[in-house]
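Just below is one structure, and these are the notes that go with it.
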Amino acid sequence: MDNALKYSDDRGSIVLSLTKTERILRLTVENTCPPIAAEDMKYLFDRFYRTDKSRNSQTGGYGIGLSVAKAIVEAHKGTVKAIMGS
2 MDNALKYSDD
12 RGSIVLSLTK
22 TERILRLTVE
32 NTCPPIAAED
42 MKYLFDRFYR
52 TDKSRNSQTG
62 GYGIGLSVAK
72 AIVEAHKGTV
82 KAIMGS
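Structure, rendered in structure tokens:
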């Protein structure tokens with residue numbers, strides 16, 4: 002959610018949805034941020050990885066948020082992934 006807020010512009014939108022089927026709970030965060038390059042997608046959950054190094058001074062952070070989120074989800078036997086929209 003933090004990344005969705007950081008990288009969406011003032012006119013963008015953020016949509017959260019929560020669905021449950023049997024024993025699976027799925028939280029989805031969708032936003033209208035600029036697209037992530039296809040070659041960066043495989044590194045998104047790597048610690049300290051940032052797709053645009055020049056944005057560090059603008060948005061702050063160190064590139065560990067998604068790796069920490071993934072570790073927490075996996076510790077609870079879940080999965081996390083990023084999917085590019087159309």
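My numbering puts the sequence shown at residues 2 to 87.
Even glycine gets a Cβ: it sits at the ideal position worked out from N, Cα and C.
This structure is a prediction, so every number in the text was calculated from the model and none was measured.
DSSP lists no bridge partner for E23. Burial is judged here by how many other beta carbons sit within 10 angstroms of a residue's own beta carbon; F49 has fewer than 16 and is exposed. In this structure, G13 sits near T33, with a CB-CB distance shorter than 7 Å. P35 and K7 have their C-alpha atoms roughly 11 Å apart.
Take I37, set aside five residues on each side of it, and the residues of its chain with a beta-carbon closer than 8 Å to its own are L45, T52, A83, M85, in chain order.
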